[in-house]
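Each residue of the sequence shown is one higher than the one before, counting from 1 in our numbering. Here a beta-carbon is modelled for each residue, glycine too, at the ideal position from N, C-alpha and C. Quick caveat: nothing in here was measured; it's all calculated off a predicted structure. Worksheet for the structure shown next.
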Amino acid sequence: KGQRPYHDVAFQPGDALYFGPETRGLPSHVLEALPPTHRLRIPMRPDSRSLNLSNAVAVVVYEAWRQLQFYGAK
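Below, the structure is given as structure tokens:
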């Protein structure tokens, strides 16, 4: 699991984002290939269940797009 909050990252053009199912996350071989600083988390309350995958993707991708000044938006 990631320890670094997604909003503490300076996203760059060309970054790749990987997401796993909310019930088990990414496979261990994928996680092991990523440095710990590249494993991100979405802060949540301790008593909350995980976000579903589409909501998690929307949160992180929108933040990355915001940081890139909504590149390509009209």
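Check for me: the alpha helix (DSSP H) holding residue i runs from which residue to which?
i          : result
residue 55 : 53 to 67
residue 33 : 28 to 33
Suppose you measure from the CA of residue i to the CA of residue j; what does that come to, to the nearest Å?
i          : j          : result
residue 48 : residue 22 : 12 Å
residue 63 : residue 34 : 21 Å
residue 74 : residue 1  : 36 Å
residue 68 : residue 59 : 15 Å
residue 70 : residue 17 : 17 Å
residue 28 : residue 12 : 25 Å
Nearest by alpha-carbon distance to residue i: which of the options is it?
i          : options        : result
residue 20 : 12, 67, 70, 57 : 57
residue 3  : 13, 54, 31, 70 : 31
Any idea which residues DSSP pairs residue i with across the strands?
i          : result
residue 13 : DSSP output for residue 13 lists no bridge partner at all.
Practice task
Specify whether the segment 36 to 47 and the segment 5 to 13 touch according to this definition: at least 3 beta carbon pairs, one from each stretch, less than 8 Å apart.
Solution key: Between the segment 36 to 47 and the segment 5 to 13 there are three or more inter-stretch CB-CB distances shorter than 8 Å, so the stretches are counted as touching.
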